[in-house]
Amino acid sequence: MTTRAMGPGAGWTWLRRGVNLGAANPRAILGGAGLMLLVALVPTVLQLAVQGTLGAASTAAMGGLLGFSLLFSLLVMPPVMAGYLRLIHASETGGAPRAGEIFDVLRSPPEALRIIGLVLLLMVLGIVLFGAVIAGFGLDMLEQLSTAVAATQSATPTLPQLPPGFGMLMALMLLLALFFNGVYAIGMCQVALAGRGVFGALRDGLVGTLKNLLPLLVAALIAAIGGFVALLALALAVALLAFIGGLVHPVLAVVLAAPVYLLAMVAAYVIMFGVMYFYWRDVCADPAMAEALPVQRDDQVEL
Numbered sequence: 004m005t006t007r008a009m010g011p012g013a014g015w016t017w018l019r020r021g022v023n024l025g026a027a028n029p030r031a032i033l034g035g036a037g038l039m040l041l042v043a044l045v046p047t048v049l050q051l052a053v054q055g056t057l058g059a060a061s062t063a064a065m066g067g068l069l070g071f072s073l074l075f076s077l078l079v080m081p082p083v084m085a086g087y088l089r090l091i092h093a094s095e096t097g098g099a100p101r102a103g104e105i106f107d108v109l110r111s112p113p114e115a116l117r118i119i120g121l122v123l124l125l126m127v128l129g130i131v132l133f134g135a136v137i138a139g140f141g142l143d144m145l146e147q148l149s150t151a152v153a154a155t156q157s158a159t160p161t162l163p164q165l166p167p168g169f170g171m172l173m174a175l176m177l178l179l180a181l182f183f184n185g186v187y188a189i190g191m192c193q194v195a196l197a198g199r200g201v202f203g204a205l206r207d208g209l210v211g212t213l214k215n216l217l218p219l220l221v222a223a224l225i226a227a228i229g230g231f232v233a234l235l236a237l238a239l240a241v242a243l244l245a246f247i248g249g250l251v252h253p254v255l256a257v258v259l260a261a262p263v264y265l266l267a268m269v270a271a272y273v274i275m276f277g278v279m280y281f282y283w284r285d286v287c288a289d290p291a292m293a294e295a296l297p298v299q300r301d302d303q304v305e306l
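Below is the structure:
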């Protein structure tokens with residue numbers, strides 16, 4: 004499958020469209036994101052329930068909870084995310100999807116297994132890539148970082164001296180994380196929306212992301228700045244509501260602050276998956292879709 008290279012301005016376009024995603028069908032887009040958030044919270048709620056019932060949970064119980072969380076994140080969340088991408092696709096192509104359609108992929112074992120297979124392959128790729136970068140700097144770097152972290156957590160915390168090459172390591176890790184997220188986005192969309200096989204989707208993700216590192220970097224920089232401002236505003240809003248509620252009762256503080264936090268999480272899901280979708284659409288979607296849903300062609304360079 005042919006992948007396209009986009010100009011730097013496409014990064015801003017993907018982010019802007021992700022922010023505006025829910026305008027056409029807010030009930031489905033926001034409702035689907037809310038359901039996905041509830042699903043993602045299942046392991047956390049289960050852990051809190053076990054700890055509340057058993058008190059200080061045993062090592063065996065905590066190990067069981069950790070195993071459950073790992074299996075849940077591998078077997079349940081990827082198909083649900085694929086279902087949400089399909090919901091976005093249906094909404095953006097003129098359909099009228101319902102929020103509950105995010106569970107459709109879970110109801111189709113062959114499709115769910117393809118998504119899970121892709122995630123497993125991506126996990127292996129991530130381990131290889133990040134492991135190679137860390138190995139390139141030597142295991143001594145990890146030991147020095149552990150010593151530096153321990154120094155900040157001692158009874159008399161001190162400002163540690165970072166090991167030589169730490170800045171370069173962090174820069175490479177951030178660039179690699181950006182590349183990996185781009186591969187993940189295209190791969191997921193190719194399997195969920197284009198019916199590609201696992202290896203074909205991975206190849207498209209690798210090639211498409213290599214062609215579009217610059218717009219991805221632009222999107223990441225803008226998102227980092229906007230995210231910092233949004234987090235600051237969220238923290239102030241939550242702190243203010245918690246303070247006001249705390250004047251009456253601690254429970255009221257939670258009741259007032261929690262919905263704001265949850266709504267912010269839903270908004271973050273919508274934007275994140277919206278950027279994934281529009282990134283995939285511009286880079287990999289077939290020309291018929293690109294013609295039906297116009298993109299800014301001055302941002303595109305055909306290769």
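Okay, so the sequence shown: first residue is 4 according to my numbering, each after it adds one. Note that beta-carbon positions come from the ideal geometry of N, C-alpha and C, so glycine has one too. All values derive from a computational prediction rather than experimental measurement.
#1: So, with DSSP's three-state summary, where would you put A8?
#2: Check for me: the alpha helix (DSSP H) holding I225 runs from which residue to which?
#3: Nearest CA to the CA of L239: which residue from L250, G21, L219 and A260?
#4: Tell me which same chain residues have a C-beta within less than 7 Å of the C-beta of A256, skipping the five on either side of it?
#5: Using only alpha-carbon positions, find the residue among R30, L125 and A236 that is nearest to F202.
#6: Between Q147 and F140, what straight-line distance do the alpha-carbon atoms span, to the nearest angstrom?
#7: Enumerate in chain order the residues of its own chain whose CB-to-CB distance from V136 is below 7 Å, with the five nearest sequence positions on each side excluded.
#8: Give the DSSP-derived three-state secondary structure of R206 in the structure shown.
#9: Consult DSSP for S111 and reduce its assignment to one of helix, strand or coil.
#10: So what does DSSP say about C192, is it helix, strand or coil?
#11: On a CA-only basis, which of L40, W17 and K214 is nearest L224? Give me that one, please.
#12: For S76, count the other beta carbons within 10 Å of its own beta carbon; 16 or more makes it buried, fewer makes it exposed. Which is it?
#13: If we call anything under 8 Å between Cβ atoms a contact, is R89 one with A236?
#14: Please say whether L109 and A115 have beta carbons closer to each other than 8 Å?
#15: Within 10 Å of its beta-carbon, does F231 have 16 or more other beta-carbons around it, so buried, or fewer, so exposed?
#16: Grouping DSSP H, G and I as helix and E and B as strand, with all else coil, what is G185?
On the basis of the data shown:
#1: For the purposes of this step, residue 8 is identified with residue 5 of the sequence shown, where counting begins at 1. Residue state, collapsed to three classes: strand.
#2: Locating residue 225 in the sequence shown gives position 222, where the first residue counts as 1. Taken as a continuous stretch (DSSP letters only), the alpha helix (DSSP H) holding I225 covers L216 to G249.
#3: Taking the sequence shown and counting its residues from 1, the one referred to as residue 239 is at position 236. Ranking the options by Cα distance to L239, first place goes to A260.
#4: Within the sequence shown, numbered from 1, the residue matching residue 256 stands at position 253. So the qualifying residues of the chain are A245, G248 and G249.
#5: As a position in the sequence shown, residue 202 is number 199, starting the count at 1. It is L125.
#6: Along the sequence shown, one-based indexing puts residue 147 at 144. Along the sequence shown, one-based indexing puts residue 140 at 137. The alpha-carbon atoms of Q147 and F140 are separated by roughly 12 Å.
#7: Here residue 136 corresponds to residue number 133 of the sequence shown, with the count starting at 1. Excluding sequence neighbours, V136 sits near L175, M176 and L179.
#8: Within the sequence shown, residue 206 is the residue found at index 203, counting from 1. Note: R206 maps to helix in three-state DSSP.
#9: What you label residue 111 is simply residue 108 of the sequence shown in a count that begins at 1. The answer is coil: DSSP assigns S111 none of H, G, I, E or B.
#10: As a first step, residue 192 is located in the sequence shown; it is residue number 189 there, counting from the start. Helix, per DSSP.
#11: As a first step, residue 224 is located in the sequence shown; it is residue number 221 there, counting from the start. Measuring from the Cα of L224, the nearest candidate turns out to be W17.
#12: Taking the sequence shown and counting its residues from 1, one reaches residue 76 at position 73. Exposed.
#13: One-based indexing of the sequence shown puts residue 89 at position 86. One-based indexing of the sequence shown puts residue 236 at position 233. Not closer than 8 Å, so no.
#14: Your numbering for residue 115 matches position 112 in the sequence shown. Your numbering for residue 109 matches position 106 in the sequence shown. Cβ atoms of A115 and L109: closer than 8 Å.
#15: For this step, residue 231 is matched to residue 228 along the sequence shown. Exposed, because fewer than 16 other Cβ atoms sit within 10 Å of the Cβ of F231.
#16: Here residue 185 corresponds to residue number 182 of the sequence shown, with the count starting at 1. In the three-state DSSP reduction, G185 falls in the helix class (H, G or I).
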